[in-house]
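Counting from 1 along the sequence shown, just add 56 to a position and that's the residue number in the numbering used here.
Even glycine gets a Cβ: it sits at the ideal position worked out from N, Cα and C.
On a predicted model such as this, the values are computed, not experimentally measured, just so you know.
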Amino acid sequence: MNDERNAIYHELGIEKSVFEYCSNIEAGLKDRFVSIDEVAEINQLKVIQAMQKNRVNDTHFAESTGYGYNDAGRETLEAVYASVFHTEAALVRPLIACGTHALTVALAGNLRPGDEILSPAGKPYDTMEGVIGIRPQKGSLAEYGITYAQTDLCEDGSFDYEGIEKKLNERTKLILIQRSKGYQTRPTLSVKRIGEVIDFIKSKKPDVICMVDNCYGEFVETLEPTDVGADLCVGSLIKNPGGGLAPIGGYIVGKKEYVENAAYRLTSPGLGSEVGATLGVNRAFFQGLFLAPTVVAGALKGAVYAASIYERLGFMVVPDSKESRHDIIQAVTLKSQEAIIAFCKGIQAAAPVDSYVDPEPWDMPGYDSKVIMAAGAFIQGASIELSADAPIKPPYAVYFQGGLTWYHAKLGILMSVQKLWESRLISL
Ligand SMILES: *Cc1c(COP(=O)(O)O)cnc(C)c1O
Numbered sequence: 057m058n059d060e061r062n063a064i065y066h067e068l069g070i071e072k073s074v075f076e077y078c079s080n081i082e083a084g085l086k087d088r089f090v091s092i093d094e095v096a097e098i099n100q101l102k103v104i105q106a107m108q109k110n111r112v113n114d115t116h117f118a119e120s121t122g123y124g125y126n127d128a129g130r131e132t133l134e135a136v137y138a139s140v141f142h143t144e145a146a147l148v149r150p151l152i153a154c155g156t157h158a159l160t161v162a163l164a165g166n167l168r169p170g171d172e173i174l175s176p177a178g179k180p181y182d183t184m185e186g187v188i189g190i191r192p193q194k195g196s197l198a199e200y201g202i203t204y205a206q207t208d209l210c211e212d213g214s215f216d217y218e219g220i221e222k223k224l225n226e227r228t229k230l231i232l233i234q235r236s237k238g239y240q241t242r243p244t245l246s247v248k249r250i251g252e253v254i255d256f257i258k259s260k261k262p263d264v265i266c267m268v269d270n271c272y273g274e275f276v277e278t279l280e281p282t283d284v285g286a287d288l289c290v291g292s293l294i295k296n297p298g299g300g301l302a303p304i305g306g307y308i309v310g311k312k313e314y315v316e317n318a319a320y321r322l323t324s325p326g327l328g329s330e331v332g333a334t335l336g337v338n339r340a341f342f343q344g345l346f347l348a349p350t351v352v353a354g355a356l357k358g359a360v361y362a363a364s365i366y367e368r369l370g371f372m373v374v375p376d377s378k379e380s381r382h383d384i385i386q387a388v389t390l391k392s393q394e395a396i397i398a399f400c401k402g403i404q405a406a407a408p409v410d411s412y413v414d415p416e417p418w419d420m421p422g423y424d425s426k427v428i429m430a431a432g433a434f435i436q437g438a439s440i441e442l443s444a445d446a447p448i449k450p451p452y453a454v455y456f457q458g459g460l461t462w463y464h465a466k467l468g469i470l471m472s473v474q475k476l477w478e479s480r481l482i483s484l
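Structure below.
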């Protein structure tokens, strides 16, 4: 068996020395993988239980068109999401274009002129700076008289509780907590820590809305932010919860009133969640959610595998090989332009789609340096699929995530090591 397997790895271009180096490291990861599978098992059961409780049946996969009134599939899917996240309500729609849009709809629907947002974990995700108006942007919340305040995490990564308390005022309407570090160096927040900061804030100001940007975090743990006090939780379906099958979409789960407010912004005041045809995506949404726990487990194994290999090779990795995981993103500081290009070429060469394409650095709009990206995905831009990107500037860190299966993530990482090895950028 192993001979047959090794022969295919060899045909794909992985040299014996690279394969053996990485296999030795993989052998030490058995316990980590067992705990990842344990989380996946619980989450899989949670999803099945939610589908059974809401009596999912074949008619729910039918498409609706036009206004989309009485789309039973859409309504049942939203009930399933509400069950999985233990919330009163959910909005899960193909009309939500991406994660940024879902976050925008949740914010704009729940904030009014004069209200203030407080972010207790530092600067939010890049695209959110324009949405909020931290960086001037036409149509931002700032243009509607909504202000923004922020406290940074302390140097050791803990919350600055004193600073948070000082920033809370009578205008503070909504707390925006970003679970994932995104493409920053701060640690990702565990669900437990999110619960702690929510408890603290609610003890000072009980009526505030606590909203979590849950992108990249779904199903990494057995609890979600809504299990520890979040009033709203928001994410993208082309990341974790779409399971690789959702071709578009976003979700907003939480308290009925707040989800309804978001629906009035997504469609129209008065229409809310009653309209919105699903155009045949219901089946993919259901099936993607069903697969999501194991897909996330595969991506996590890939991230742990990569961290372990690149750490051994002498590079700085965040999170490190031993740390507990709260999202699927892995950062590796490769220290040179040549190394990040080689890494991305390896990820690309391992893809099922566009494997023959050579990624090159380019001037991406909105970035202050060239960026290189590797992805060979079935769904354009889906970052639950194996993908990597890196700004071409010091410290030359590459961020990578996803992999619909562990075996694909493994091949991608093996191929990245192979490319670095071929370019004589590492020694084994
Ligand atoms: C991906 C992401 C977003 C934005 O999602 P898009 O689908 O790219 O618009 C927001 N916040 C975090 C933490 C993310 O990872």
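Within the model, the alpha-carbon separation for Asp445 versus Met420 is close to 12 angstroms. Between the segment 349-359 and the segment 138-153 there are fewer than three inter-stretch CB-CB distances shorter than 8 angstroms, so the stretches are not counted as touching.
As DSSP reads the structure, Thr389 sits in a beta bridge with Met372 and Ala453. Sorting Thr160, Gln393, Pro417 and Leu390 by C-alpha distance to the C-alpha of Val290 places Thr160 at the top. Here the residues close to ligand 1, judged by CB distance below 5 angstroms to any of its heavy atoms, are Cys154, Gly155, Thr156, Tyr181, Ser236, Gly238, Asp269, Cys271, Tyr272 and Ser292 in chain order. In this structure, the beta-carbon distance from Gly273 to Arg321 does not fall below 7 angstroms. With 16 or more other Cβ atoms inside 10 Å of its own Cβ, Asp269 counts as buried. In the three-state reduction of the DSSP assignment, Arg149 falls in the strand class.
Glu394 and Gly165 have their alpha carbons spaced roughly 45 angstroms apart.
In the three-state reduction of the DSSP assignment, Tyr307 falls in the strand class. Distance from the CA of Lys179 to the CA of Phe341, rounded to the nearest whole angstrom, comes to 31 angstroms. Looking at Asn338, Tyr204 and Ala398, the one whose alpha-carbon comes closest to that of Ala453 is Ala398. Each of Asp182, Ile220, Pro243 and Ala205 was checked against the Cα of Glu211, and the nearest Cα belongs to Pro243.
The segment 460-478 and the segment 68-77 touch, with no fewer than 3 CB-CB distances between them shorter than 8 angstroms. A distance of 7 angstroms or more separates the beta carbons of Leu288 and Ala83. In the three-state reduction of the DSSP assignment, Gln240 falls in the coil class. With a 10 Å radius around the Cβ and a threshold of 16 neighbouring Cβ atoms, Ser425 comes out exposed. DSSP, reduced to helix, strand and coil, places Met184 within a helical segment of the structure shown.
Nearest in C-alpha terms to Thr241, of all of Tyr200, Leu327 and Asp208, is Asp208. Here Lys229 carries a strand assignment [DSSP, helix/strand/coil]. Glu172: member of the beta strand (DSSP E) spanning Glu172 to Ser175, first to last residue. Inter-segment contact for the segment 323-336 and the segment 181-189 is absent: fewer than three beta-carbon pairs are separated by less than 8 angstroms. Thr461 and Lys357 have their alpha carbons spaced roughly 9 angstroms apart.
Residue range Trp462 to Glu478 is occupied by the alpha helix (DSSP H) that includes Met471, with no beta strand (DSSP E) assigned at that position. A distance of 7 angstroms or more separates the beta carbons of Leu442 and Gly402. Going by C-alpha positions, Leu345 is about 34 angstroms away from Leu390. Around the beta carbon of Thr228, a 10 Å sphere encloses 16 or more other beta carbons of the protein chains shown; the residue is thus reported as buried. As the crow flies, the alpha-carbon of His116 is around 7 angstroms from that of Asn338. Take the alpha-carbon of Phe434 and the one of Lys261: they are about 45 angstroms apart. Following the DSSP letters along the chain, one finds Gly291 inside the beta strand (DSSP E) bounded by residues Leu288 to Ser292.
Between Ile308 and the set Glu144, Asp383 and Leu484, the nearest pair of CA atoms involves Glu144. Annotation for Ile92: Ala353, Leu356 and Lys357 place their beta carbon closer than 7 angstroms to its own, counting only its chain and skipping 5 residues before and after. Per DSSP, reduced to three states, the secondary structure at Ser329 is helical. DSSP links Ala446 through a beta bridge to Ile428. Closest in C-alpha terms to Ser364, from the list Gly300, Ser324, Lys466 and Ala205, comes Lys466. The closest CA to that of Gly432, considering only Ile448, Pro447, Glu416 and Tyr412, is found on Tyr412.
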